[in-house]
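Notes follow the structure.
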Amino acid sequence: MVRRSAISFLLVTSCCGGVKAPAPNVILISLDTLRADHMGAYGYQQDTTPFLDSLADDALVLENARTTWTWTLIAHMSLLTGFYPVQHRVWSSDSALAP
């Protein structure tokens with residue numbers, strides 16, 4: 047019985063190996079006070095954001111995003127930690143993130 051279990055374990059683990067896929071490149075662009083309705087990528091007719099529009103042509107563009115807070119500092123803390131503001135408790139520039 048032990049021999050059969052050992053053989054089964056070796057068969058299962060040997061077929062799970064292989065070359066690891068490379069990690070994807072991720073660029074996070076965070077902009078403060080930029081209106082989506084004034085960007086060409088979202089249909090605005092004037093050429094107000096040419097670089098972002100060209101980047102959006104070959105990138106994943108999120109069209110239904112929400113923020114955890116209206117103030118950039120608090121929202122960025124949530125974005126970078128994965129916690130809601132009531133969890134990370136950073137409410138001002140004088141606050142510090144607890145370890």
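In terms of our numbering, the sequence shown opens at residue 47 and continues consecutively.
Don't be surprised by glycine CBs; every beta carbon is placed ideally from N, CA and C.
Residue i and residue j closer than 7 Å at C-beta
| i | j | result |
| --- | --- | --- |
| Thr113 | Ala102 | no |
| Thr95 | Gly86 | yes |
For residue i, the first and last residue of its enclosing alpha helix (DSSP H)
| i | result |
| --- | --- |
| Thr118 | Thr118 to Thr127 |
| Ser100 | Pro96 to Asp103 |
| Gln133 | Pro131 to His134 |
Residue from the options with nearest C-alpha to residue i
| i | options | result |
| --- | --- | --- |
| Leu74 | Phe97, Leu125 and Ser100 | Leu125 |
| Val4 | Gln91, Ala82 and Ala105 | The requested residue 4 is not part of the displayed model; the chain covers only 47 to 145. |
| Asp83 | Ala67, Glu109 and Ser76 | Glu109 |
| Trp117 | Val107, Pro145 and Leu77 | Leu77 |
| Ala111 | Tyr90, Gly89 and Arg81 | Arg81 |
8 Å CB neighbourhood of residue i in its chain, flanking five on each side removed
| i | result |
| --- | --- |
| Leu119 | Val136, Ser138 and Ser139 |
| Met123 | Phe129, Pro131, His134, Val136 and Leu143 |
Residue i at chain D interface by Cβ criterion, 7 Å
| i | result |
| --- | --- |
| Thr127 | Absent here is chain D; the protein component of the structure consists of one chain. |
Own chain residues within Cβ distance below 7 Å of residue i, not counting five before or after
| i | result |
| --- | --- |
| Leu98 | Met85 and Ala87 |
| Val65 | none |
Beta-carbon proximity list for residue i, same chain, < 6 Å, skipping 5 on both sides
| i | result |
| --- | --- |
| Thr127 | His134 |
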